[in-house]
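Quick notes on the structure that follows.
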Amino acid sequence: MTSATVESRRPAPGGTAGPRRGRPVPAGVLGALGLLTLVAVLELVPRLGLVDDRFLPPFSSMVSALVDEAGTPTFWTALGQTLRGWAIGLAVALVAGVVLGIVIGSLPVVRAATSSTIEFLRPIPSVALIPLAVLLWGNDMKSTLILVVYATFWQVLLQVLYGVRDVDPVARETARSYRFSPLTTVRTVTWPTALPYVMTGFRLGAAVALILEITGELVIGTPGLGKEIGVAQSSGAVPQMYALVIVTGLIGVVVNLVARWGERRVLRWHPSIRAEVG
Amino acid sequence: ACGSSGSPTPSGGASGGGSVDQVKVGVIPIVDVAPIYLGAKKGFFDKRNIKVSMESGQGGAAIVPGVASGQFQFGFSNVTSLIIAKSKNLPIKVVAAGNSSTGVDGKDFSAIVVKADSPIQSAKDLAGKTVSINTLKNIGDTTVRQSVQKAGGDPSSVKFVELAFPDMPAAVKEGRVDAAWVVEPFVTIAKQQGDRVIASNLVDTFPKLQISTYFTSEQTAKSNPDLVKRFTEAMNESLTYAQEHPDEARDILSSYTKIDPSVAKEMTLPLWEPGVNKESLQKLADLAAQEKLIDNKLDVNQLLN
Amino acid sequence: MTSTPTSSAPNAADPQRDGTAEPILDVRGLRKIYGSGDGAVEAIRDLTFTIAPGELTCIVGPSGAGKTTLLKCIAGLLDVTDGEIRLEGDLVTGPPKGMAIVFQEYGRSLFPWMTVWQNVELPLKEKKVPAAERKRLVTEALEAVGLADVHGAHPWQLSGGMQQRVAIARAVAYEPHILIMDEPFAAVDAQTRAELEDLVRELWHRLGVTVLFVTHDIEESVYLGQRVLVLSNRPTVIMEDVRIDLPDERDQLSTRSTKRFAELRAHVYELIQQAKGGRRPETTARTDEAGRRDEAV
Amino acid sequence: MTSTPTSSAPNAADPQRDGTAEPILDVRGLRKIYGSGDGAVEAIRDLTFTIAPGELTCIVGPSGAGKTTLLKCIAGLLDVTDGEIRLEGDLVTGPPKGMAIVFQEYGRSLFPWMTVWQNVELPLKEKKVPAAERKRLVTEALEAVGLADVHGAHPWQLSGGMQQRVAIARAVAYEPHILIMDEPFAAVDAQTRAELEDLVRELWHRLGVTVLFVTHDIEESVYLGQRVLVLSNRPTVIMEDVRIDLPDERDQLSTRSTKRFAELRAHVYELIQQAKGGRRPETTARTDEAGRRDEAV
Amino acid sequence: MMSIVRRAVLALGLPVVLVAAWWFATEGSQSFFWPPLRDILGTFAETWWPDRIMGDVVPSLLRLLVGFAIAFVLGVGLGVAIGKSRALRAYLEPVLEFFRAIPPPVLVPILILFFGIFNTMKVVVIVTGCIWPILLNTVEGVRSLDEVLIDTSKIYRLSRRARLWYNILPGASPQIFAGARQALSVGIILMVISEMFAASNGIGFTIIQFQRTFAIPQMFSGIIVLGLLGVALALVFRLVETRILRWYLGLRAAQRGE
Ligand SMILES: Nc1ncnc2c1ncn2[C@@H]1O[C@H](COP(=O)(O)OP(=O)(O)OP(=O)(O)O)[C@@H](O)[C@H]1O
Ligand SMILES: Nc1ncnc2c1ncn2[C@@H]1O[C@H](COP(=O)(O)OP(=O)(O)OP(=O)(O)O)[C@@H](O)[C@H]1O
Ligand SMILES: O=[N+]([O-])[O-]
Ligand SMILES: [Mg+2]
Ligand SMILES: [Mg+2]
């Protein structure tokens, strides 16, 4: 008997429990609705006079300022510079965080030996390191990059450490009993277990990297969106400033979409995903 | 790195041949530095074989270490910060004037503003009130206290809070602070929202108080005196030109700031005078010592060449 | 299958079919397909049966037949693809009141952050059973499964069989109207198993609870049940509804050694073997139709 | 226990005791206490036995006796508290080479992120079995457990019994020297169980593998094993080492209906019942000493 | 079991090596911005004891703890709601992601508009930074709860409250703690950032003040204070965590049979 794979006559509801409902509204539509709500709030709060529109202009003026900005090559150059710095910093931090996280997390001795140092270094804010970075690299991209890597690395590392801790003892014993090499154990047991944590680490890290990239540009003056925001701020150009802030926010939204998309791909087996894709 | 730079043709200047010096100047992208942008555009640097590029940072935290370590050859900073730095033996030298107060009470690029309906009528009334300044223990508190003292109030009872200039108009409007020390373009923006100017703190401190200068590291000053000399000359020419052509100075703002043109037109520009004003600097140094910003009195000659 | 030494489905179902005893459970045309599109798996094709109040029904069938799926549908934990399930007349849309389940994945059904005692007590608390009564029920249930002495341990400090018994104790202490058990004794030793079988029958007698009991042990199904529903291979249909006409008073030694017991056991065994072999009970027409549908994919 | 219709331990152990067959497994004075201080649980008190190469030994005992604990100690997955375990003469300190285990918690021992095929194939890859050979082994193993058609599914898409069979297939495909199975057939139906029992015996014959098999099914232990180790209640000691003197050629129908089979089954059953009742085989002196130790904790 | 001595050696070994390396590397340093560690430690006591401990460290710590507590409650509450409801998650996620990507220094002006310039604003800044790791981890923790346990809760008809208390929160707690742990460190960072605005006291304010006034050894001593604060809070956190997650750590440790 072959497996009776059957085209369901009508779309079968997902494998999970729950009251029978109509077809769910697609996530994309709901998400767009959410953003629309935000837009409405941003438009209405100043229009209704809840705050002075000179300090928080209505959304429409932010958009028109954004349209103006988008017409200048400076904006696009700045956007490109920001994205580049962000991507490089995030990539470095991810690789370093994952590799070190797995090594430290898998070896109890290393973990015990490094934990106090990690706790010490972790809360030192990147911003406190700005003078040192400038000292070494001026306002070069490297200054901002080091801030981005430093701040993002800890986010990823901590997530990976917690992920490694979550390995199911029975799964670990299975790997041990079949004498998997350490590398195979990492690849086939530790890594898949930690993956959901890594995904969260990626999402946390992506935002932190963006934040530090922008902050670095703003404070140090490395070219990029942050510098433009700084200029707008010190020029009293409120709508332009918010226009640029909206761009950073949108980068965040896009990054999350990519992360979620990737998650559906690599975590298809995980309870959180399989409950949804059915 | 990019950033606005002067005319792209470096050679053919008035002064003799020699190689072109690539020079990075750390500046804050505000009105005060308009002359260097204007001078760069006019070719005042090029003709002295200096290819100048402006690197903007948010303040001393980014610029001073940059200059001290040679990442930038020159930097722009307020005088009090430099005095503090010098008092800590940071090896720096002032090389050119930055900008100064106009010296005209009520018509300066810096002002203390209050809400239109505020009971505060003069600096005297600031006693016991909260005033926002951009940096605590710096030129802001020093000069605001001078205004209060001059108006007959008790300067020691003024409470200061730190806010960024851009956030001050809102803070005044919403009553978060009683008064704010602002500089252009926020003086104009504050006025546009109806705020009142009650004092000109820089004017109250010293006639034509020079509040910022360009500086370099002692290392550069020693090893490349010729470059410093050429830079000073170019700066002086730029300052003079900017002072004489205020409309061009207002126009250049759009190349490195996002100041609204209508605001830019109305703003009071600072005074751009060549030459470092030693008495003015010494006044600020004395005030710094008096206010305990520095431990001992400082002779500003140490800052000069 | 030549000799059928059982009263077959029609009359076995009598009590429910006529109005005298309104069925407590009514499953009609149940179909369940997991997933959709390419990866769809038809676990249950077409199940129709009723259960009278207070009946003790065992369900047997090949591994992967869809027994767990069926139980989860009845419990309102899974949406059905087609057909309907009524419990006491109401359409099942979520977990109904007064039902307890012992899950096949017993290990995962215990809260690892609670002690054994807390695990058993929690549903009672939720049922607002007064503290004293609760204490009595938990104590009794844990004693009945032989775990009174480990009540302070966490589930992961217990052996597999002990975990399973905790899950049983929890269901028992709950005093449900309808008790669903999915291979509840798979991990316990023979002796304990026999004791627990008798515990189930005793509870059933005492509380008048309706029991649905999935097991792989054919002897167990015959020993325990009033009826044994034999399921076919996936996609599941009912092979036969075997009525167990053994006397109500059962005993591990004597009952199991009767001739009728042996006959029934052999018959169920035979049915399972046929089920595994792929035989399906209904008219070939239906099977063919399904076959065609399969090919269409 | 009046009649002992078995050859009892002493002569059963003969082949290993003298030098003719060096034991593959030598467990001496094994003791295992979980935790320490207040919460300490003495799972195993004192176990000593040896197993000859190629033997098929079944282990039975009350739920919670310490069977899983014993297997994990032998597999080098748990540190022992006292005593020593030697495998082929070497002290066990970690999982030895050429061993495969089917865990009692089969569901959690499968990697949910891999398909059935990948789960079975992975240990072979680790063993550096060439691709073609690997394919053959995996295919055969999955066919043997009746899961050839679901090789692309993930474990969580399978029923409990199917998951358990995947874990069995993984162990079988591995072609171990020593195969440890912890209630491997608990979740499968009677028919499948019978087939798998025969599969184990066939593998054992074919590969000459040493098998340690924990089960709750007494019939199964007698049907499968050459020896049945009956364990006492926790803290565990050996109740009796029962030699199964049935002919090597076994058959589900004929073997199970022999008189000797029935005798052995009854004997083991009786032992388990005694174990459950708390009877312990050794001198009371020892128990007392340990009892005092318990109190001191 | 690791002996106390062994543990102490492990915990202190690396820090001692690193401090020694720092000491010798900066021993004869002439660089203004890299003062010798000796100078830094030399200014340590006079810089911080006792005025700044009471006047700066304590207020900072209070703001941090209040901010962290609010972020924890909000993050877990919102996280559970979002984790349980697919629709709510789909609706809110883009908006939350939008705000999450906005750097606090840019957010501050808006926060000033709504929360003023004093402690409230600073606490809100800390909350806006701390909440994300908690929220994200809670959402993911809730989403990956064991299905069998959820079914168990349903079958025994646990009330919403009981499900929250006995199933959802404990089940997600390992991941919630991962988030809270992150948030604590982020909180310290945000504490510093919040004190860059409208501050008149606090560790962050002090460090930035040192930085602006080129008091470099003092600035480094401030960074060291931050680090020590991080270690201290991490220790407290671990105490709480091992208490609350005893079941989980036991479950995970059961494998070595310790
Ligand atoms: N989540 C799922 N997604 C896809 N298929 C599933 C899922 N759950 C179960 N199935 C399939 O449905 C069929 C029936 O599974 P079910 O668990 O109901 O079997 P069962 O009769 O309980 O078997 P067992 O006796 O082995 O427990 C199996 O073929 C299984 O592969
Ligand atoms: N991690 C642990 N911590 C404390 N006690 C434990 C732990 N694991 C097992 N035990 C205890 O050890 C004893 C033996 O457990 P084990 O799992 O070996 O039993 P078993 O013989 O396999 O039982 P079953 O047949 O029910 O699977 C039990 O009493 C159990 O409570
Ligand atoms: O390190 N950070 O400033 O986030
Ligand atoms: Mg099942
Ligand atoms: Mg066991």
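Residue numbers (the working numbering), protein chains in the order written: chain A, 1 to 278; chain B, 279 to 583; chain C, 584 to 880; chain D, 881 to 1177; chain E, 1178 to 1435. We treat Cβ as the ideally placed atom computed from N, Cα and C, and that holds for glycine. Because the structure is a prediction, the values reported are computed rather than measured.
(1) Please name the residue, chosen from B:V298, B:A312, B:V305, that lies closest to H523 of chain B on a Cα-to-Cα basis.
(2) From the DSSP output, in three-state form, read off I104 of chain A for me.
(3) Residues in the segment 1251-1269 of chain E with C-beta within 7 angstroms of chain A's C-beta atoms, listed in sequence order?
(4) Since H1031 of chain D and L1017 of chain D should fall inside the 8 angstroms C-beta cutoff, what is the C-beta to C-beta distance between them, to a whole number of angstroms?
(5) Using DSSP bridges, identify the partner residues of C938 of chain D.
(6) Determine the DSSP secondary structure at D395 of chain B, reduced to helix, strand or coil.
(7) Does the beta-carbon of D765 of chain C, which I'm using as the reference point, lie nearer than 8 angstroms to any heavy atom of ligand 4?
(8) With a threshold of 8 angstroms (Cβ to nearest heavy atom), would K947 of chain D be considered close to ligand 5?
(9) List the residues that DSSP assigns as beta-bridge partners of M994 of chain D.
(10) Between A:T144, A:K227, A:G262, A:P239, which has its C-alpha nearest T74 of chain A's C-alpha?
(11) From which residue to which residue does the beta strand (DSSP E) around A237 of chain A run?
(12) Hey, is M1042 of chain D close to ligand 1, as in C-beta under 8 angstroms from one of its heavy atoms?
(13) Would you report the Cα separation of S400 of chain B and G406 of chain B, rounded to the nearest angstrom?
(14) Based on the DSSP secondary-structure assignment, which residues constitute the bridge partners of E1099 of chain D?
(15) Within its chain, find whatever has a CB closer than 6 angstroms to the CB of G666 of chain C; leave out the 5 residues flanking it on each side and keep chain order.
(16) With respect to the alpha helix (DSSP H) encompassing L1446 of chain E, which residues constitute its N-terminal and C-terminal limits?
(17) Among all the DSSP beta bridges, which residues are the ones paired with Q300 of chain B?
(18) Since P645 of chain C meets chain D, which of its residues come closer than 8 angstroms, beta carbon to beta carbon?
(19) Sorted by chain position, which residues of the same chain lie with C-beta nearer than 7 angstroms to I572 of chain B's C-beta, five sequence neighbours on each side aside?
(20) Please name the residue, chosen from E:M1396, E:K1261, E:T1329, that lies closest to V1319 of chain E on a Cα-to-Cα basis.
(21) Once DSSP output is grouped into helix, strand and coil, what is the label at G1157 of chain D?
(22) Cα separation between G15 of chain A and I1332 of chain E?
(23) When you compare the CB positions of A777 of chain C and Q835 of chain C, do they come within less than 9 angstroms of one another, or not?
(24) Taking 9 angstroms as the CB-CB limit, is D52 of chain A close to chain B?
(25) Which runs of the alpha helix (DSSP H) fall wholly inside the segment 691-765 of chain C and span at least 4 residues, in chain order?
(26) Identify every residue that forms a DSSP beta bridge with E1120 of chain D.
(27) Which residues share a DSSP beta bridge with D970 of chain D?
(28) Runs of 4 residues minimum, wholly inside the segment 469-515 of chain B: which ones carry the alpha helix (DSSP H) assignment?
(29) Only counting the same chain, and skipping five residues up and downstream in sequence, which positions put a Cβ closer than 7 angstroms to that of V771 of chain C?
(30) Under a three-way DSSP split, which group does A1246 of chain E fall into?
(31) List, in chain order, every chain A residue whose beta-carbon is nearer than 8 angstroms to that of D629 of chain B.
(32) Can you confirm whether the segment 1305-1323 of chain E touches the segment 1243-1258 of chain E when touching is taken to mean that 3 or more C-beta pairs between the two stretches lie within less than 8 angstroms?
(33) Please report the straight-line C-alpha distance between V1186 of chain E and P108 of chain A, rounded to a whole angstrom.
(34) Between the C-alpha atoms of G860 of chain C and R1014 of chain D, what's the straight-line distance to the nearest angstrom?
(35) Relative to ligand 2, is the shortest distance from any of its heavy atoms to the C-beta of L66 of chain A smaller than 8 angstroms?
(36) Run the CB neighbour count on F768 of chain C, radius 10 Å, all protein chains shown included, and call it buried at 16 or more, exposed below.
A quick look at the data gives this:
(1) B:A312
(2) helix
(3) R1263, A1264, A1267, Y1268, L1269
(4) Going by Cβ atoms, the distance from H1031 of chain D to L1017 of chain D rounds to 13 angstroms, so no, they are not a contact pair.
(5) D:F1093, D:V1108
(6) coil
(7) yes
(8) yes
(9) In DSSP, M994 of chain D forms no bridge with anything.
(10) A:K227
(11) Segment: none, A237 of chain A is in no beta strand (DSSP E) and carries neither H nor E.
(12) yes
(13) 13 angstroms
(14) In DSSP, E1099 of chain D forms no bridge with anything.
(15) R611, G612, L613, R614
(16) A question about residue 1446 of chain E goes unanswered here, because the residues of chain E that appear run from 1178 up to 1435.
(17) B:K329
(18) D1069, Q1071, T1072
(19) I361, I362, S365, A566
(20) E:K1261
(21) helix
(22) Because the pLDDT of G15 of chain A is 37, which lies under 50, any placement of that residue in the model is unreliable, and the number read from its coordinates should be weighed accordingly. Using only the alpha carbons, I get a separation of about 17 angstroms.
(23) yes
(24) yes
(25) 699-709, 714-727, 743-756
(26) D:V1110
(27) D:L967
(28) 479-483, 496-501
(29) G744, Q747, R748, L779
(30) helix
(31) Any question about residue 629 of chain B goes unanswered here, given that chain B covers just 279 to 583.
(32) yes
(33) 14 angstroms
(34) 29 angstroms
(35) no
(36) buried
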